[in-house]
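A.B. asks: Mind looking over this structure? Questions follow.
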Amino acid sequence: MGLLGFLGPITGNLGFYGFFGFVGFLSAFAGTGTDERIESNINRACRNSFAIITITMAFSLVYVVSFESIGTFPIVFSMLFIASMVSFVLSYIYYDRRGD
């Protein structure tokens, strides 16, 4: 996904530059190797992130449809994306420090 940032200068859309953040995000996992504990922590963190985005997406869609505020949907969708990334990172750090 980090490569999508190169579409920014081509299309002139500044929103694509945010995808460069994935290069740093995924580089945190480079060189860690594979073991069962790391994979288990990643799976748990993904579970938490999936639960958060599923529940909040349902509420945000109900909000957009109820109040007919389709103009707020792009910002709500981007905030949900940010929330899922932050929840994944915080969950992974928590499970990694907990150690089981």
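With the working numbering applied, the sequence shown corresponds to residues 164 to 263, in that order.
Each residue gets a CB set at the ideal place from its N, CA and C atoms; glycine is no exception.
(1) Taking the alpha-carbon of V252 as reference, which of L166, E199, G168, I205 has the nearest alpha-carbon?
(2) Since I233 and V225 are thought to touch, with beta carbons under 8 angstroms apart, how far apart are those beta carbons, to the nearest angstrom?
(3) Determine the direct distance from the alpha carbon of Y255 to that of M242, and round the result to whole angstroms.
(4) How is D259 classed by DSSP in three states: helix, strand or coil?
(5) Ignoring anything shorter than 3 residues or poking outside the region 164-217, list the beta strand (DSSP E) runs there in chain order.
(6) What did DSSP end up calling S247 once you bin it into helix, strand or coil?
(7) Going by beta-carbon coordinates alone, are F179 and G168 separated by less than 8 angstroms?
C.D. replies: Reading from the atomic positions:
(1) I205
(2) With 8 angstroms as the limit, I233 and V225 do not qualify as a contact, their Cβ atoms being about 13 angstroms apart.
(3) C-alpha separation (whole angstroms): 20 angstroms.
(4) Note: D259 maps to helix in three-state DSSP.
(5) none
(6) helix
(7) yes
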